[in-house]
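347 is the number that the numbering used here gives to position 334 of the sequence shown; each next residue is one higher, with no gaps.
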Amino acid sequence: MIEIKIPESIAHMLEKLKTAGFSAYLVGGCVRDAVMGIKPHDFDITTNARPEQIIAVFGENSCTEYGRAFGTVGVKFAGGFAEITTYRTEKDYKDGRHPQTVDFADSIADDLARRDFTFNAMAYSPDTGIFDPFGGRDDLENGILRCVGTPQARFQEDALRILRGLRFCARFGFTPEPLTKAAMRAGAFRLELISAERVFTELQGILLGAHVTQVLLDYSDILAVRIPEISPCIAFDQHSRHHDFTVWEHTARAVGNAPKDIAVRLAMLLHDIGKPACFSMDARGGHFKGHADKSAEIAQNILLRLRCDNRMREIVVKLVSLHREIPKSLEDVRRLLGILDYSEFSQFLAVLRADNFAKRRCGADENAALQIRAAEEFAVYCRENNLCCRVKDLDISGNDLAALGLHGRQIGDTLRLLLEAVISGACPNEKTSLLGFCKKIS
């Protein structure tokens, strides 16, 4: 019998429900993770006690009834909070996501039967161990993603389960069994019913998975339901001596090669999405002039549509727009540090590395890898020596220029000219020299 190590407070709740005459189990992700040898963090409890009985057991002052209509009561304890939910069944999913009818049940088996995948339909009691009526442990052991009951029904109830299934595949390397896989594809059109926020949350989980490359390659058609802009990239031959893969194969490999930084992985997902629209061909092969700007434009539209937060969208679009060129000199790096802070510059280098590593079957281009490494060293040098990279770093201000008689747009334009002069070495970043240079160019 598998024994799950339960926090004392959670064990106390289970025992308190048992003492009051009710059955109670841990369910969901905490059981799945424990079976997989992953330390659980969130512990959800289910019981045959009705919401009012749960409140009676733990006291009104300790309970929050925010989910009472669906059988969920939040219970506060020293240092934490746990959800306790009454066994229930669900039906009439009219919006492809939320049940219209929730009925309380007396059996843990009935409650588990409403859940999505077999490995999420296990329950655990310290007294009786794991209750696994749908073979979740075997599926975990064999790396199988299998729906509870009829796959078509599960995805008709809640289409988001399709993306959740892909998230599990990306995270753990699971393979959907044939009926589940077929139902995922057949029901993918229902993803149109799901809110953009929910879709984006699952997309991020997919992108951060260790097995994301295989999921992107195998299920691009499903992802294209909510991101149709990826469809032209699939099977698009680049006709380039620099690329061994189609645009989408390169994209999938680039995402998998990137560090688990969601901004970087989103950037890799979208960095070449504009290539098909920019393709041209001549005797030397395929070309994609302007694809970085086009990809940034498309990325902006996609992230707006998916309700990505403004800060994340800003950095992702910036990384996509800049990914085309590796900075090759200290001056190039300083100019980039004028629009990227040092943290963003590290993300930019991660984008360049992931892009470079995903172009050829043999791995990274060594010359490009050396150039990226040199750019990193230039950035370190800039930081350690406090080099002037931005207008605000200049040893002169707009007030100084106003004192010379400049005004309005002239001030901003002149400051940018002075910054370029400092970066190119035409003028030192020293106030007297900057004022003198200003007088020469005015």
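Cβ coordinates follow ideal geometry from the N, Cα and C atoms, glycine included.
Quick caveat, the model's predicted, so the values are computed rather than measured.
Practice task
Name the residue from 346, 33, 411, 59 whose alpha carbon lies nearest to the alpha carbon of residue 393.
Solution key: The sequence position of residue 393 within the sequence shown is 380, counting from 1. If we check each option's Cα against that of residue 393, 346 comes out closest.
Problem - Cβ neighbours of residue 242 in the same chain (closer than 7 Å, five flanking residues each side left out) - result: As a first step, residue 242 must be located in the sequence shown, where it is residue number 229. Excluding positions up to five away in sequence, the list reads 286, 311, 315.
Practice task
Would you mind working out which of 48, 60, 199, 123 sits nearest residue 155, comparing C-alpha positions?
Solution key: Residue numbering aside, residue 155 sits at position 142 when the sequence shown is read from its first letter. The shortest C-alpha separation from residue 155 is found at 48.
Handout entry: Nearest-angstrom Cα separation, counted from residue 199 out to residue 456
Key = Limits of the chain in this structure are 14 at one end and 455 at the other, which puts residue 456 out of reach.
Handout entry: Span of the alpha helix (DSSP H) around residue 240
Key = Translated into positions along the sequence shown, residue 240 becomes position 227. Unbroken run through residue 240: none, as it is neither H nor E.
Handout entry: Rounded C-alpha distance that separates residue 305 from residue 290
Key = As a first step, residue 305 is located in the sequence shown; it is residue number 292 there, counting from the start. As a first step, residue 290 is located in the sequence shown; it is residue number 277 there, counting from the start. Cα-Cα distance, rounded: 11 Å.
Exercise for the section: Please go through the region 379 to 425 and give each complete alpha helix (DSSP H) segment of 4 or more residues, from N-terminal end onward. Expected result: 379 to 397, 411 to 416
Problem - residue 332, enclosing alpha helix (DSSP H) - first and last residue - result: If you number the sequence shown from 1, residue 332 lands on position 319. Its alpha helix (DSSP H) spans residues 323 to 335.
Exercise for the section: Given a cut-off of 8 Å, decide if residue 159 and residue 193 are closer than it, judged by their beta-carbon atoms. Expected result: For the purposes of this step, residue 193 is taken as residue 180 along the sequence shown, with counting starting at 1. For the purposes of this step, residue 159 is taken as residue 146 along the sequence shown, with counting starting at 1. It is a contact, given that the beta carbons lie within the stated cut-off.
Practice task
Please determine if the region 367 to 384 and the region 425 to 440 are in contact, where contact requires at least 3 C-beta pairs separated by less than 8 Å.
Solution key: no
Practice task
Could you please give the first and the last residue of the uninterrupted alpha helix (DSSP H) stretch that includes residue 355?
Solution key: Translated into positions along the sequence shown, residue 355 becomes position 342. Element bounds for residue 355: 355 to 370.
Problem - Cut-off 7 Å between Cβ atoms - residues of its own chain near residue 232, not counting five sequence neighbours on either side - result: By one-based count along the sequence shown, residue 232 stands at place 219. 179, listed in sequence order.
Exercise for the section: Assess, as a yes-or-no matter, whether the region 122 to 140 is touched by the region 18 to 35 under the definition of 3 or more beta carbon pairs within less than 8 Å. Expected result: yes
Problem - Those residues which DSSP pairs with residue 39 across a bridge - result: Looking up residue 39 in the sequence shown gives position 26. 58, 137.
Problem - Among 333, 169, 366, the one whose alpha carbon lies nearest that of residue 280 - result: Walking along the sequence shown from the start, residue 280 turns up at place 267. Taking only the C-alpha atoms, the option nearest residue 280 is 333.
Practice task
For residue 84, count neighbouring Cβ atoms within 10 angstroms of its own Cβ and tell me buried if that reaches 16, exposed if not.
Solution key: One-based indexing of the sequence shown puts residue 84 at position 71. Residue 84 is buried by the Cβ-count criterion.
Exercise for the section: Return the first residue and the last residue of the alpha helix (DSSP H) that residue 294 is part of. Expected result: The residue you call residue 294 lines up with position 281 of the sequence shown. Counting along the chain, residue 294 falls outside any alpha helix (DSSP H), though it belongs to the beta strand (DSSP E) covering 293 to 295.
Exercise for the section: Would you tell me roughly how many angstroms separate the C-alpha atoms of residue 270 and residue 371, rounded to the nearest one? Expected result: The residue you call residue 270 lines up with position 257 of the sequence shown. The residue you call residue 371 lines up with position 358 of the sequence shown. Whole-angstrom Cα-Cα distance: 7 Å.
Exercise for the section: Could you tell me which of 170, 216, 88 sits nearest to residue 181, measuring between CA atoms? Expected result: Residue mapping note: residue 181 aligns to position 168 of the sequence shown, counting from 1. Selected option, being the one with the closest Cα: 216.
Problem - Counted within 10 angstroms of its Cβ, other Cβ atoms place residue 38 as buried (16 or more) or exposed - result: Stepping through the sequence shown from its first residue, residue 38 is reached at position 25. With 16 or more other Cβ atoms within 10 Å, it is buried.
Problem - Span separating the alpha-carbon of residue 356 from that of residue 339 - result: For the purposes of this step, residue 356 is taken as the residue at position 343 of the sequence shown. For the purposes of this step, residue 339 is taken as the residue at position 326 of the sequence shown. So the alpha carbons of these two residues sit roughly 17 Å apart.
Handout entry: Among 366, 326, 327, nearest to residue 272 - alpha-carbon criterion
Key = Here residue 272 corresponds to residue number 259 of the sequence shown, with the count starting at 1. Measuring from the Cα of residue 272, the nearest candidate turns out to be 366.
Handout entry: Helix, strand or coil at residue 145 according to DSSP, with G and I counted as helix
Key = Along the sequence shown, read from residue 1 onward, the residue named residue 145 stands at position 132. Residue 145: coil per DSSP, three-state reduction.
Exercise for the section: Indicate the three-state DSSP secondary structure (helix, strand or coil) for residue 96 in the structure shown. Expected result: For the purposes of this step, residue 96 is identified with residue 83 of the sequence shown, where counting begins at 1. Strand.
Practice task
Rounded to whole angstroms, what's the CA-CA distance from residue 195 to residue 175? Just pull it up for me.
Solution key: The residue given as residue 195 occupies position 182 in the sequence shown. The residue given as residue 175 occupies position 162 in the sequence shown. Near 11 Å, if we compare the C-alpha coordinates of residue 175 and residue 195.
Practice task
Report the rounded CA-to-CA distance for residue 207 versus residue 173, giving the unit in angstroms.
Solution key: Position 194 of the sequence shown, counting from 1, holds the residue named residue 207. Position 160 of the sequence shown, counting from 1, holds the residue named residue 173. The alpha-carbon atoms of residue 207 and residue 173 are separated by roughly 7 Å.
Exercise for the section: Drop a sphere of 10 angstroms on the beta-carbon of residue 152, count the other beta-carbons inside from all chains shown, and report buried for 16 or more, exposed for fewer. Expected result: On the sequence shown, residue 152 is found 139 positions in, with the first residue counted as 1. Buried, because 16 or more other Cβ atoms sit within 10 Å of the Cβ of residue 152.
Exercise for the section: Determine the direct distance from the alpha carbon of residue 326 to that of residue 313, and round the result to whole angstroms. Expected result: For this step, residue 313 is matched to residue 300 along the sequence shown. For this step, residue 326 is matched to residue 313 along the sequence shown. Distance between the alpha carbons of residue 313 and residue 326: 7 Å.
Practice task
Express the C-alpha separation of residue 390 and residue 446 in angstroms, rounding to a whole number.
Solution key: As a first step, residue 446 must be located in the sequence shown, where it is residue number 433. As a first step, residue 390 must be located in the sequence shown, where it is residue number 377. Using only the alpha carbons, I get a separation of about 28 Å.
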